[in-house]
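Each remark here refers to the structure printed beneath this line.
In my numbering, the protein residues as written are 1 to 102.
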């Protein structure tokens, strides 16, 4: 099933979630969704203070694999307000959506 970038953008606009990029710092620097913060998957436990509990958190990566892995990790660490963007950066860039580099 194809990911609807339009539906994702509408959901982000409607709910204002924290976009959590779980890729490496180098991958993040190459281009990320506007407004996203970067906490690499391996560093989630050490950076829980950066993840709010009062707003939806949407995790994403390059292909969806690390984002999917981040969800049970976040849940075990007590972050119950997270979900993943299954399309991740691959679908985002394939749809010619802009990425930020700063």
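Even glycine gets a Cβ: it sits at the ideal position worked out from N, Cα and C.
Using 8 Å as the threshold, is the C-beta distance between residue 5 and residue 92 below it?
Yes. Within cutoff.
Leaving out five residues before and five after residue 73 in sequence, what residues of the same chain have Cβ atoms less than 8 Å from its Cβ?
Contacts found: 41, 44, 45.
Can you tell which of 16, 21, 10, 12 has the C-alpha that lies nearest to the C-alpha of residue 89?
Nearest option by C-alpha distance: 21.
Starting from the C-beta of residue 84, find all residues in its chain whose C-beta is less than 8 Å away, skip the five residues before and the five after it, and write them out in chain order.
Once the five neighbours on either side are set aside, the close Cβ partners of residue 84 are 58, 59, 60, 64, 67, 68, 70, 71.
Look up residue 96 in the DSSP assignment and say whether it is helix, strand or coil.
Residue 96: coil per DSSP, three-state reduction.
Between 29, 8, 32, 17, which lies nearest to residue 51 when the distance is taken from Cα to Cα?
Among 29, 8, 32, 17, the Cα nearest to that of residue 51 belongs to 17.
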